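Enquirer: Numbering-wise, our numbering comes out as the position in the sequence shown, counting from 1, plus 20.
Cβ coordinates follow ideal geometry from the N, Cα and C atoms, glycine included.
In this text, all values refer to a predicted model and were calculated from it rather than measured experimentally.
Please read through the structure below; I'll follow up with questions.
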Amino acid sequence: MKVLFLSSEVHPFSKTGGLADVSGALPAALAALGHDVKVVTPRYADVRDPRLAPTGHALRLRFPFGEVGGPLLSVRLSERHEVLFLDCPALYGRPGLYGDAQGEFPDNERRFAYLCAGALQAAQRLGFAPDIVHLNDWQTGLAALALKTGFRKGVLAQARTVFTVHNLAYQGYFPKRVMEELGLPWELFRSEDGVEFYDQVNLLKAGLVFSDLLTTVSPTYAQEIQTPEQGYGLDGLLRGRAQELHGIVNGIDVQEWDPRKDPHLPARFGPGDLSGKAACKRELLRRFGLPESGAERPLFATITRLAHQKGVDLLLSVLPELLSTGLRFVALGSGEPHYEAALRELAEAYPRQVGVHLGFDVGLSHLVEAGADFFLMPSRYEPCGLNQMYSQAYGTVPIVRATGGLADTVEGGPEGTGIRFGPFEPAALRAAVQEALALWAEPARLQRFRERGMARDFSWAASARQYEALYQRLAGAAQGG
Ligand code: ADP
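Spelled out as structure tokens, the structure:
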């Protein structure tokens with residue numbers, strides 16, 4: 021099958037979170053199954069990959085706000101896997117993906133309307149007739165709307181749409197004047213089956229309403245988003261489409277996240293021989309300015325967007341007390357300034373036990389996964405989450421709140437691969453860390469936890485097959501009329 025895959029971030033070209041990892045790895049896994057996949061994404065100012073090559077095509081689109089366009093660039097990653105970049109300096113030629121220190125970019129509706137319409141025009145220019153247009157998150161919602169309301173012609177005549185929700189909380193709201201700015205028909209500004217949401221335009225909703233099939237990134241999250249507590253106002257819509265909503269857990273890129281050959285590590289290790297992990301721990305402590313001695317003390321870590329979702333506040337509420345046990349903690353993260361300040365203060369108060377690195381550093385994130393003993397993910401909610409899987413692959417025991425994809429990918433209990441806790445409360449997190457300390461005191465038992473984690477198969481192959489089955493069902497339905 022032919023798949024046109026739209027995403028606002030694609031590893032290794034651009035990344036703010038898990039969407040990038042998925043958009044890098046899932047298309048590769050689909051290509052390995054024999055499908056032709058073209059990924060379309062913006063060429064942000066920071067995308068400077070030397071492999072970028074012209075396709076010889078240029079795009080031009082006329083919106084009511086003006087005409088935009090530019091060259092279509094490409095990086096071919098394998099015979100069946102190509103990433104297409106929309107080059108348009110007026111919209112993308114600035115640092116940042118969605119915003120800067122001043123906040124969200126004020127023209128994001130234009131930037132992502134161009135991604136959507138540009139991707140469809142790119143397919144036309146290249147003569148690429150997709151069976152499936154796979155959309156991801158709010159930035160791509162308008163493509164579903166466009167395909168349902170007129171763009172479904174030429175090479176797109178057979179195209180059916182799959183829309184994947186990576187995080188329901190980010191919906192892409194805009195004032196209703198963007199209907200005119202983008203040239204959207206006012207009749208679509210309706211609540212029941214249109215883009216209207218509390219008198220605003222909601223681009224995620226456009227994707228949910230106008231796509232043929234919906235997916236999200238874990239089975240548990242697929243259930244959770246149908247409840248008022250986690251539905252962010254869209255649970256009714258999602259319950260109405262429950263038959264067309266599928267939860268498929270993300271995989272991880274096992275080429276990139278393999279401690280046996282990870283170039284970011286000072287020493288390699290793997291199942292059966294974890295000895296290199298000690299050197300990674302020493303290097304990690306050194307990089308975070310902590311004493312390298314005291315290997316007998318456990319090292320806890322987190323890598324996270326510093327956002328409400330991630331439970332950073334819960335972590336901060338229990339850490340001071342837990343530090344009295346002598347444990348050490350390192351955090352790699354960036355995000356909301358008040359969390360950054362609180363972490364910095366914690367590191368200043370406990371200079372020999374707490375190390376904090378504020379910023380986004382992919383290489384360092386590999387070292388953190390490799391060098392830590394335990395990995396903390398106390399999320400309020402978590403659509404899928406990736407670091408708990410990276411942790412297991414790296415022999416690091418994850419401590420997770422049992423929600424969303426964390427519940428689906430970390431096994432608890434005495435024969436588990438990690439430690440799970442339920443209520444979003446300090447006492448529950450504290451008890452989970454105490455459990456980890458008890459495990460630390462029994463090296464043989466800890467070793468078995470690590471080995472079970474490392475033995476798990478988190479590769480994309482199984483999940484890619486589930487997407488393939490959905491694509492086939494949709495394409496079959498299209499052919500059957
Ligand atoms: P989300 O997409 O909600 O942020 P995920 O767990 O799905 O959460 O994916 C987050 C991805 O971003 C992981 O690959 C994680 O390692 C990475 N990441 C998050 N923060 C940082 C950071 N400060 N530096 C490097 N990588 C980070």
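1) Let me know the secondary structure DSSP gives VAL388 once reduced to three states.
2) Within its chain, find whatever has a CB closer than 7 Å to the CB of LYS330; leave out the 5 residues flanking it on each side and keep chain order.
3) Give the single residue among LEU53, VAL374, GLY90 and ALA497 whose Cα lies nearest to the Cα of GLY113.
4) Using alpha carbons as the reference points, say which of GLY292, ASP293, PRO318 and PRO291 lies closest to ARG302.
5) Return the chain-ordered list of same chain residues with a C-beta closer than 6 Å to the C-beta of LEU305, the five sequence neighbours on each side being excluded.
6) With three or more C-beta pairs closer than 8 Å as the rule, is the segment 243-258 touching the segment 194-207?
7) Nearest-angstrom Cα distance between PRO402 and ARG280?
8) Since SER238 contacts VAL182 with CB under 8 Å, what's their CB separation in whole angstroms?
9) Does the beta carbon of GLU312 sit closer than 8 Å to a beta carbon anywhere in chain D?
10) Which value, in whole angstroms, describes the spacing of the CA atoms of ALA17 and TYR134?
11) From GLU87 to GLY391, what does the alpha carbon distance come to, in whole angstroms?
12) Would the beta-carbon of VAL95 fall within 8 Å of that of LEU81?
13) Taking the alpha-carbon positions, what's the THR437 to PHE469 distance?
14) Is the closest heavy atom of the ligand ADP to the C-beta of PHE380 under 7 Å?
15) Under 8 Å, do LEU545 and LEU326 count as touching if we go by C-beta distance?
16) Reducing DSSP to helix, strand and coil, say where PHE194 ends up.
17) Please list, in chain order, all residues of the same chain as GLY501 whose beta carbon is under 6 Å from its beta carbon, the five residues on each side excluded.
18) Under DSSP, the beta strand (DSSP E) around PHE469 begins and ends at which residues?
19) How would you call LYS22, buried or exposed, if buried means at least 16 neighbouring beta carbons within 10 angstroms?
20) Is CYS300 near the ligand ADP, with its Cβ less than 7 Å from a heavy atom?
21) Report the rounded CA-to-CA distance for ALA315 versus VAL417, giving the unit in angstroms.
22) At a cut-off of 7 Å, is CYS136 close to the ligand ADP when judged by its beta-carbon and the heavy atoms of the ligand?
23) The ligand ADP heavy atoms versus the CB of LEU46: any closer than 7 Å?
24) State the Cα-Cα distance for the pair GLY138 and LEU146, rounded to the nearest angstrom.
25) Of all the alpha helix (DSSP H) runs that stay within the bounds of the segment 261-340, which reach a length of 4 or more residues?
26) What number of angstroms, rounded off, separates the C-alpha of LEU223 from the C-alpha of TRP158?
27) What is the DSSP secondary structure of ASN128, reduced to helix, strand or coil?
28) Is GLY405 near the ligand ADP - that is, is its Cβ less than 7 Å away from at least one heavy atom of it?
29) Please report the distance separating the alpha-carbon of HIS377 from that of VAL42.
30) Looking at C-alpha atoms only, which residue of ARG372, LEU24 and ARG288 is the closest neighbour of GLN144?
31) Cβ-heavy atom distance between GLY38 and the ligand ADP below 7 Å?
32) Between ILE419 and PHE444, is the Cβ-Cβ spacing less than 8 Å?
33) Here's the rule: buried if 16 or more other CB atoms are within 10 angstroms of the residue's CB, otherwise exposed. What is LYS173?
34) Only counting the same chain, and skipping five residues up and downstream in sequence, which positions put a Cβ closer than 8 Å to that of THR36?
35) Do LEU384 and ARG307 have their C-beta atoms within less than 8 Å of each other?
36) Identify whether ASP428 lies in helix, strand or coil by the three-state DSSP scheme.
Expert: In brief:
1) Taken through DSSP and simplified to helix, strand or coil, VAL388 comes out as helix.
2) Counting only Cβ-Cβ distances below 7 Å, and skipping sequence neighbours, we find THR324 and SER399.
3) Selection LEU53, VAL374, GLY90 and ALA497 evaluated against GLY113 yields GLY90 as nearest (Cα-Cα).
4) Among GLY292, ASP293, PRO318 and PRO291, the Cα nearest to that of ARG302 is on PRO318.
5) Same-chain partners within the cutoff: GLU312.
6) By the Cβ rule, the segment 194-207 does not count as touching the segment 243-258, because fewer than three pairs are nearer than 8 Å.
7) In the sequence under discussion, the amino acid at residue 402 is Glu, which differs from the Pro named in the question. Answer to the nearest angstrom: the Cα atoms are 28 Å apart.
8) For SER238 against VAL182, the beta-carbon gap comes to about 16 Å, at or over 8 Å, which does not count as contact.
9) Looking at the structure shown, chain D is missing, and only one protein chain is on hand.
10) Residue 17 is absent from the model: the chain starts at 21 and stops at 501.
11) Their backbone Cα atoms lie some 51 Å apart in a straight line.
12) The criterion of a C-beta distance shorter than 8 Å is not satisfied by VAL95 and LEU81.
13) Taking the Cα positions, THR437 is about 5 Å away from PHE469.
14) At least one heavy atom of the ligand ADP lies less than 7 Å from the C-beta of PHE380.
15) What is shown of the chain runs 21 to 501, which leaves residue 545 out entirely.
16) For PHE194, the secondary structure class from DSSP, reduced to helix, strand or coil, is strand.
17) No answer about GLY501 holds up, because its pLDDT of 44 lies below 50 and its placement is not dependable.
18) First-last for PHE469: 463-475, but that is the alpha helix (DSSP H), not the beta strand (DSSP E).
19) It is buried - the Cβ of LYS22 has at least 16 other Cβ atoms within 10 Å.
20) For CYS300, the distance from the CB to the nearest heavy atom of the ligand ADP is not below 7 Å.
21) Roughly 17 Å separates the two Cα atoms.
22) No, Cβ of CYS136 sits at least 7 Å from all heavy atoms of the ligand ADP.
23) No, the beta carbon of LEU46 sits no closer than 7 Å to any heavy atom of the ligand ADP.
24) Those two C-alpha atoms are separated by around 12 Å.
25) Within the segment 261-340, the runs of alpha helix (DSSP H) at least 4 residues long that lie entirely inside it are, in chain order, 296-307.
26) Rounded to the nearest whole angstrom, the C-alpha separation of LEU223 and TRP158 is 5 Å.
27) Here ASN128 carries a helix assignment [DSSP, helix/strand/coil].
28) Yes, Cβ of GLY405 sits closer than 7 Å to a heavy atom of the ligand ADP.
29) Distance between the alpha carbons of HIS377 and VAL42 is about 25 Å.
30) Ranking the options by Cα distance to GLN144, first place goes to LEU24.
31) Within the cutoff, so yes.
32) It is not a contact, given that the beta carbons lie outside the stated cut-off.
33) With fewer than 16 other Cβ atoms inside 10 Å of its own Cβ, LYS173 counts as exposed.
34) Result list for THR36: GLU29, LEU117, TYR118, ARG325 and PHE380, in chain order.
35) In this structure, LEU384 places its C-beta atom within 8 Å of the C-beta atom of ARG307.
36) In this structure, ASP428 counts as helix in the three-state DSSP scheme.
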